[in-house]
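**Student:**
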Amino acid sequence: NIREPLLKLIQFMRSLSFRRRPNIKFSHGLFDEMSYKIGQMVFDPPDQFSFFACDYSPPGVFAETDMVSPESELLSMSSVVGLINGLFSFVNFGLANADNGFAPSLARLPPVGDYSTSVGYLTFPFQTNNIASVASKIDELSTMITAGRLSPENKQVLLDAHAYFDQNYGIESADRVLLKLMAATPEFHTSNTVRKTGSPRSITPPAVKSSLPYKAIVYINLAGGADSFNILTPGPSGCSLYNEYYEARGRGAGIGLRSDDILPIDGSSAGISGCGTLGVNKLLSAYKDIFDEGKGIFFANMGHLHKPVTKENWLTETKTDLFSHHTMKLESHVVDAFREGEGPGVLGRMLDILEGHGHAVGATAVNSRATIIDGSPTTGRLADIMSTEGVLRVFDRNFLKGETNQQLRGFLESLHAETDDNSGVFGNAWSQTFVD
-18 NIREPLLKLI QFMRSLSFRR RPNIKFSHGL FDEMSYKIGQ MVFDPPDQFS FFACDYSPPG
42 VFAETDMVSP ESELLSMSSV VGLINGLFSF VNFGLANADN GFAPSLARLP PVGDYSTSVG
102 YLTFPFQTNN IASVASKIDE LSTMITAGRL SPENKQVLLD AHAYFDQNYG IESADRVLLK
162 LMAATPEFHT SNTVRKTGSP RSITPPAVKS SLPYKAIVYI NLAGGADSFN ILTPGPSGCS
222 LYNEYYEARG RGAGIGLRSD DILPIDGSSA GISGCGTLGV NKLLSAYKDI FDEGKGIFFA
282 NMGHLHKPVT KENWLTETKT DLFSHHTMKL ESHVVDAFRE GEGPGVLGRM LDILEGHGHA
342 VGATAVNSRA TIIDGSPTTG RLADIMSTEG VLRVFDRNFL KGETNQQLRG FLESLHAETD
402 DNSGVFGNAW SQTFVD
């Protein structure tokens, strides 16, 4: 599987014997803004259903083979880059805030190798001390961090990296680079073994640009619950159903909207006899404006039913959990009751159709993946996942900074080089996400 980011961090700290500095109390907190930095934190899931859906299957080989990879929902640009940057910071400064580290902000920005501003530091002797002990140290770190699964090819990458940095920047820099690269391997981030082809990994080709102006569908998924009967209602005047609505919702002592709580909109398109006017909650006046301007419509009475049922037979005659929030959310993303479509997500299928008609298409998600934008597995098209905080870059103070200091880049690309058909699919998915 692809391992959860928080579990990887805790294993990294435990394996390398993290020690809290004695003047730092637990009440100060060890971590800060972890949900933003890595996409996960204890007691801070995005909703009551945890950090990812248990049945999530990304496009490509997973969906083609009916495999699930729930943790793949966390493979966003912000969480992947945030985790790598935080681990690099950990090696450089201890558990600190410097360079997008995981800890709360402290007083000053220290030089690399100075742990004095950290919450704590790694006490395991990861240093090699001399060039002759590098191979044995790699084996030791592989046992502790990857359960001994580090591939021979990636061991060689680490050996080459240590030799290069030792020759050009000294043994201390080389030792730190060795641990950073170990924490960036696909074997650490997944439970797979990795087999290389010897070829570099190509990035996923972006959508072909079009010279024509583009159009966008913006889908906003409001987390939590919404009382739809207090968003769109029968109109107090011009709709014979209003009194029935107000009565069913408890009248004045209940939760129904009074006439002065409702903004009228044209309801003639609904085709309801005796009801030419509908209403919108006055606290959602923007909905009325969008509707009146012809820029939005309401889909009323939406739900997931395979066939009409009654109160008496719904439990035995339906194939899904009608009162399950999680299931209803998934079905609203799929809109395919009998799973007859060529892809799991309704917007993804729309993109497939447009692409089949010659249009250049692409999908962008905010902060995390979502089934709704996944199309046919055969396209292999994945959404670009952007952070609400902007575009992040993999960063290291000395060796991944600006246009000139890119000494780590080539070694990172080698760690995530192309894998063959016998290599683990989870390791391949992590590496492809990282390289992209």
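Quick note: my numbering has the sequence shown finishing at residue 417, numbered continuously throughout.
Heads up, the beta-carbon is just placed ideally off N, CA and C, and yes, glycines get one too.
All values derive from a computational prediction rather than experimental measurement.
1. Alpha carbon to alpha carbon, how far is S266 from L213?
2. To the nearest angstrom, report how far apart R239 and F210 are at their CA atoms.
3. Mapping the DSSP letters down to three states, classify I246 as helix, strand or coil.
4. Sort out for me which residues DSSP pairs M71 with in a bridge.
5. Kindly provide the ranges of any beta strand (DSSP E) runs that are 3 or more residues long and lie completely inside the stretch 94 to 174, ordered along the chain.
6. What residues are listed by DSSP as bridge partners for D377?
7. Quick check on the DSSP output: what are the complete alpha helix (DSSP H) runs of length 4 or more inside the stretch 289 to 367, in order along the chain?
8. Taking A251 and L259 to be in contact with their CB atoms under 8 Å, please state how far apart those CB atoms are, rounded to whole angstroms.
9. Under a three-way DSSP split, which group does P27 fall into?
10. Check whether the Cβ atoms of G219 and G257 lie closer than 7 Å to each other.
11. Quick one: what's got a C-beta closer than 7 Å to I354's C-beta in the same chain, skipping five residues either side?
12. In three-state terms, what does DSSP make of F392?
13. In this structure, does DSSP put K177 in helix, strand or coil?
14. Out of D417, N379, G383, E384, which has the shortest C-alpha to C-alpha gap to E394?
15. Given T104, which residues of its chain have a CB within under 7 Å of its CB, disregarding the five upstream and five downstream residues?
16. Starting from G408, follow the alpha helix (DSSP H) in both directions and report where the run begins and ends.
17. In whole angstroms, what is the alpha-carbon distance linking A204 and N4?
18. Return the Cβ separation of D377 and F69 in integer angstroms, given the expectation that the two are a contact with Cβ distance under 8 Å.
19. Given a threshold of 16 other Cβ atoms within 10 Å of its Cβ, counted over all protein chains shown, does P217 qualify as buried or as exposed?
20. What is the rounded straight-line gap between the Cα of D273 and the Cα of N262?
21. Skipping 5 residues on each side, what residues in its chain have a beta carbon closer than 7 Å to that of F33?
22. What does V261 pair with, by DSSP beta-bridge criteria?
23. Using alpha carbons as the reference points, say which of G151, T124, L159 lies closest to V138.
24. Please go through the same chain and pick out, in chain order, the residues whose beta-carbon is closer than 8 Å to the beta-carbon of V72, but skip the five residues on each side of it.
25. For F83, name the three-state secondary structure that DSSP assigns.
26. With distance defined between alpha-carbon atoms, name the residue in L131, K300, Y200 nearest to S404.
27. From A341 to E298, what distance separates their C-alpha atoms?
28. Among residues of its own chain, excluding the 5 on either side of F415, which ones have a beta-carbon nearer than 7 Å to its beta-carbon?
29. Please classify L(-13) as buried or exposed, where buried requires at least 16 other C-beta atoms within 10 Å of its C-beta.
30. DSSP three-state label for R0, please.
31. Check whether the Cβ atoms of V175 and T400 lie closer than 7 Å to each other.
32. Contact check, L11 vs A79 under 8 Å by CB: the rounded distance?
33. Between S31, S57, E14, I(-17), which lies nearest to R350 when the distance is taken from Cα to Cα?
34. Give me the Cα-Cα distance between L193 and G337, rounded to the nearest whole angstrom.
35. Identify the continuous alpha helix (DSSP H) that holds V42 and give its terminal residues.
36. Alpha helix (DSSP H) containing S16: first to last residue?
**Tutor:** On the basis of the data shown:
1. Mapped onto the sequence shown, residue 266 falls at position 285. Mapped onto the sequence shown, residue 213 falls at position 232. Computed Cα separation, rounded: 12 Å.
2. By 1-based counting over the sequence shown, the position of residue 239 is 258. By 1-based counting over the sequence shown, the position of residue 210 is 229. If you take the alpha carbons of R239 and F210, they lie about 13 Å apart.
3. Here residue 246 refers to the residue found at position 265 when the sequence shown is read from its first residue. Strand.
4. Residue 71 sits at position 90 when you count from the first residue of the sequence shown. Note that residue 71 is Phe in the sequence shown here, rather than Met. F71 pairs with nothing; no bridge assigned.
5. 101 to 103
6. Walking along the sequence shown from the start, residue 377 turns up at place 396. Paired residues: L381.
7. Taken in chain order, the complete alpha helix (DSSP H) segments of 4 or more residues contained in the stretch 289 to 367 are 295 to 298, 306 to 315, 327 to 337.
8. Against the sequence shown, residue 251 aligns to sequence position 270. Against the sequence shown, residue 259 aligns to sequence position 278. The pair is a contact, with the Cβ atoms about 7 Å apart (cut-off 8 Å).
9. Numbered from 1 along the sequence shown, position 46 holds the residue referred to as residue 27. In the structure shown, the three-state DSSP call for P27 is coil.
10. Along the sequence shown, one-based indexing puts residue 219 at 238. Along the sequence shown, one-based indexing puts residue 257 at 276. Yes.
11. Locating residue 354 in the sequence shown gives position 373, counting from the first residue. Answer for I354: G326, L328, G329, A344, A346, A364, listed in chain order.
12. In the sequence shown, counting from the first residue as 1, residue 392 sits at position 411. Correct three-state label for F392: helix.
13. Residue numbering aside, residue 177 sits at position 196 when the sequence shown is read from its first letter. Residue state, collapsed to three classes: strand.
14. Residue 394 sits at position 413 when you count from the first residue of the sequence shown. For the residues D417, N379, G383, E384, the minimum Cα distance to E394 belongs to D417.
15. Counting from 1 along the sequence shown, the entry for residue 104 is found at position 123. S(-2), R0.
16. Taking the first residue of the sequence shown as 1, we reach residue 408 at position 427. Taken as a continuous stretch (DSSP letters only), the alpha helix (DSSP H) holding G408 covers 406 to 416.
17. Sequence index remark: in the sequence shown, residue 204 carries index 223 (1-based). Sequence index remark: in the sequence shown, residue 4 carries index 23 (1-based). When rounded, the distance between both Cα atoms is 40 Å.
18. Here residue 377 refers to the residue found at position 396 of the sequence shown. Here residue 69 refers to the residue found at position 88 of the sequence shown. Yes, they are in contact, since the Cβ atoms of D377 and F69 sit about 5 Å apart, within 8 Å.
19. Position 236 of the sequence shown, counted from the start, is the residue given in the question as residue 217. Its Cβ being crowded by 16 or more others within 10 Å, P217 is buried.
20. Numbered from 1 along the sequence shown, position 292 holds the residue referred to as residue 273. Numbered from 1 along the sequence shown, position 281 holds the residue referred to as residue 262. Distance between the alpha carbons of D273 and N262: 14 Å.
21. Residue numbering aside, residue 33 sits at position 52 when the sequence shown is read from its first letter. For F33, the CB contacts under 7 Å within the same chain, skipping 5 residues up- and downstream, are P51, E52, E54, L55 in chain order.
22. To locate residue 261, count along the sequence shown from 1; it is residue 280. V261 pairs with L213, L244.
23. In the sequence shown, the residue the question calls residue 138 occupies position 157. Here the closest residue by C-alpha is L159.
24. Within the sequence shown, numbered from 1, the residue matching residue 72 stands at position 91. Only L103, R157, L160, K161, A164 meet the Cβ criterion.
25. By one-based count along the sequence shown, residue 83 stands at place 102. Of the three classes helix, strand and coil, the one that applies to F83 here is coil, per DSSP.
26. Along the sequence shown, read from residue 1 onward, the residue named residue 404 stands at position 423. Closest by alpha carbon: L131.
27. For this step, residue 341 is matched to residue 360 along the sequence shown. For this step, residue 298 is matched to residue 317 along the sequence shown. C-alpha separation (whole angstroms): 42 Å.
28. Locating residue 415 in the sequence shown gives position 434, where the first residue counts as 1. Taken in chain order, the residues that qualify are V61, H397.
29. Working through the sequence shown from its first residue, we reach residue -13 at position 6. Label assigned to L(-13): buried.
30. Sequence index remark: in the sequence shown, residue 0 carries index 19 (1-based). In the structure shown, R0 sits in a strand (DSSP, three-state: E or B).
31. Counted from its first residue, the sequence shown places residue 175 at position 194. Counted from its first residue, the sequence shown places residue 400 at position 419. Closer than 7 Å, so yes.
32. Here the question's residue 11 lines up with position 30 in the sequence shown. Here the question's residue 79 lines up with position 98 in the sequence shown. With a Cβ gap of about 15 Å, L11 and A79 do not count as contacting.
33. Numbered from its first residue, the sequence shown carries residue 350 at position 369. Of the candidates S31, S57, E14, I(-17), the one whose C-alpha sits nearest the C-alpha of R350 is S57.
34. On the sequence shown, residue 193 is found 212 positions in, with the first residue counted as 1. On the sequence shown, residue 337 is found 356 positions in, with the first residue counted as 1. Taking the straight line from one Cα to the other gives about 17 Å.
35. In the sequence shown, residue 42 corresponds to position 61, counting from 1. Residues 42 to 45.
36. Counting from 1 along the sequence shown, the entry for residue 16 is found at position 35. Counting along the chain, the alpha helix (DSSP H) containing S16 begins and ends at 15 to 18.
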